[in-house]
Amino acid sequence: MGASRLPQELIDAVTDNLHEDHGALLACSLVCRSWLPSSQRHLFRRVTFALDEDDCEQLAQALLNSPHLVNYILELEVCVDAEFWQAREGGQSLPAAVLCKLSKLRSIELCNLEMDKLTVDLRQSLRWVLRLPTLTSLTFRIGDSGDVDLVSLACYAESLMGLS
């Protein structure tokens with residue numbers, strides 16, 4: 006990767022216009038070093054913990070290798086199976102470990118989580134995230150069970166401007 010001769014404002018404008026095109030942003034991140042931060046800012050803005058552990062492990066590894074990426078993660082969607090949240094042998098669950106690093110979150114969406122199936126460390130991590138002064142939006146997508154304990158988490162979110 007070499008240095009770009011383009012002004013940073015122009016690079017930022019290009020990546021801003023590509024903010025929804027994941028493939029193009031990945032390509033931009035490989036152009037040269039000056040394109041990388043602007044591309045990463047869009048690539049990591051919204052992160053989803055999907056239904057399998059691979060996504061979370063990849064994110065954990067990316068944050069370990071490039072700790073500055075936590076500054077780009079502003080929106081988090083958490084939608085996973087209960088088994089995924091179980092603690093690893095001798096330590097914290099992987100999602101809890103990742104959550105504790107996300108100090109700049111503005112928005113979190115919790116989908117079909119069941120409080121009684123969450124580990125203690127994950128409950129603590131969720132409460133920590135909800136107390137972040139940067140967190141202004143909380144969304145619950147609750148299935149048929151309507152987990153009231155999950156909704157009670159909202160009382161920890163003191164900076165909320167939106168709840169749905």
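Mapped onto the numbering used here, the consecutive letters of the sequence shown carry residue numbers 6 to 169. Even for Gly, the Cβ is constructed at its ideal location relative to N, Cα and C. Here the structure is a predicted model, which is why all the values come from computation and not from measurement.
Using the beta-carbon count (16 or more within 10 Å), is Ser-71 buried or exposed? exposed
Report the rounded CA-to-CA distance for Arg-46 versus His-27, giving the unit in angstroms. Approximately 12 Å between the Cα atoms of the pair.
Rounded C-beta distance between Leu-165 and Leu-143? I'm assuming under 8 Å. 6 Å
Do you know offhand how far Leu-135's Cα is from Leu-158's? 8 Å
Going by DSSP, what residue range makes up the alpha helix (DSSP H) through Val-103? In the DSSP annotation of this structure, the continuous segment of the alpha helix (DSSP H) that includes Val-103 starts and ends at 99-104.
Are the CB atoms of Leu-69 and Leu-110 nearer to each other than 8 Å? no
With which residues is Cys-84 paired in a DSSP beta bridge? Cys-116
Out of Gln-63, Leu-127, Asn-76 and Arg-146, which has the shortest C-alpha to C-alpha gap to Pro-100? Nearest of Gln-63, Leu-127, Asn-76 and Arg-146 to Pro-100, Cα basis: Leu-127.
Opposite Thr-145 in the DSSP bridges: which residues? It should be noted that the sequence gives Phe, not Thr, for residue 145. Beta-bridge partners of Phe-145 (DSSP): Leu-115.
Would you call Leu-15 buried or exposed, if buried means 16 or more other Cβ atoms sit within 10 Å of its Cβ? By the Cβ-count criterion, Leu-15 is exposed, with fewer than 16 other Cβ atoms from all chains shown falling within 10 Å of its own Cβ.
Judging by CA-CA distance, which residue of Asp-21, Asp-59 and Val-52 is the nearest neighbour of Ser-43? Asp-21
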